[in-house]
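Visitor: Numbering (our numbering), first residue to last: 1 to 213.
Positions of the beta carbon are idealized from the N, C-alpha and C atoms, including for glycine.
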C-alpha cells in the first residue's frame, strides 16, 4: 500500500511539474477571435485548403504570454547578434510581399500578403497581419546547414515554423525565405518574399501589389 501511495504521489508530481501546456490559466479557445475575420480570401468559405495564417488569436491581455490557449513557446536564448541575419531581423518589421503555397488558391496567396514579424535582441518576437498583432514567441538562428535557419516558436502552435533564409537583396531591404515542414503543422514547403518596413504594414501600402488587395 505504501508503495502504491508513493507511485501515485510521484505521478502527480510529474504531471504538475511538467512544462506549461495550452489552456493553463488562459482564455478558452471558443472565446477567441480569428484572423479569418479580417484577412480571409473571398473564396475561403468554399476553399478546401485552410492556409496557416488563418488561426485563432490569443486574448489581448495574453498576446505576449509564453502560454496561451493556442500553444506555448520555449526557453529564450540570446540571438547571435554578431550575425548579419540577426541584425537585420531586429532592425525592422519583416513583411510578406509574395507568398507561394502550392495548396492555396490564388486569392489565398494574395491574402497572405501583409503578414509580419518583429524580432527583438532578447530572443522574443511578435507576429501579426496588417495592423494587428496575432501571436508572439521565441526566435532562434542556427547555421549548421547550407542556409541560415530561422525558427519561430510561437504561442500559437499553428504558427510554429522554420524558415530557410536563402538570401538578401543587395540593399538588404528584402529576403527570400522557404518554410520547412519539419517543425510546426505538417505542410508542404512555402516560399515567400519578405520586405523591410519600419512600421506595421497597411493595405494602402500594398494596393498596387497583386492587382489590389
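Would you list, in sequence order, the uninterrupted alpha helix (DSSP H) runs of no fewer than 4 residues that lie entirely inside the stretch 56–113?
Guide: Qualifying alpha helix (DSSP H) stretches, in chain order: 84–89 and 106–111.
Visitor: Just how far apart, CA to CA, sit residue 39 and residue 54?
Guide: C-alpha separation (whole angstroms): 8 Å.
Visitor: Between the stretch 77–84 and the stretch 96–107, do at least 3 Cβ pairs fall closer than 8 Å?
Guide: No, because fewer than three Cβ pairs between the stretch 77–84 and the stretch 96–107 fall closer than 8 Å, the two stretches do not touch.
Visitor: Can you tell me whether residue 148 is buried or exposed, with buried defined as 16 or more other CB within 10 angstroms of its CB?
Guide: It counts as buried.
Visitor: Tell me which residues share the same chain as residue 14 and place their Cβ nearer than 6 Å to its Cβ, disregarding the 5 neighbours each side in the sequence.
Guide: Low per-residue confidence applies at residue 14: pLDDT is 37, beneath 50, and the placement is therefore not dependable enough to give any value.
Visitor: Is it true that the stretch 63–76 meets the stretch 125–141, where meeting means three or more beta-carbon pairs spaced less than 8 Å apart?
Guide: Verdict: yes, contact present.
Visitor: For residue 201, which of 150, 156 and 128 has the nearest alpha-carbon?
Guide: It is 128 whose Cα lies nearest to the Cα of residue 201.
Visitor: Check whether the Cβ atoms of residue 215 and residue 79 sit closer than 7 Å, and answer yes or no.
Guide: The requested residue 215 does not occur in the structure, where the chain is confined to residues 1 to 213.
Visitor: Can you pull the DSSP bridge partners for residue 186?
Guide: None; residue 186 has no bridge partner.
Visitor: My understanding is that residue 41 touches residue 121, with C-beta atoms under 8 Å, so please give their C-beta distance in whole angstroms.
Guide: No, residue 41 and residue 121 are not in contact; Cβ-Cβ is about 35 Å, not under 8 Å.
Visitor: Nearest to residue 170 by CA position, among 178, 196 and 35, is which residue?
Guide: Of 178, 196 and 35, the residue nearest in Cα terms is 196.
Visitor: Under the assumption that residue 58 contacts residue 76 (Cβ atoms under 8 Å), give the Cβ distance between them as a whole number of angstroms.
Guide: Not really, about 18 Å apart at Cβ, beyond 8 Å.
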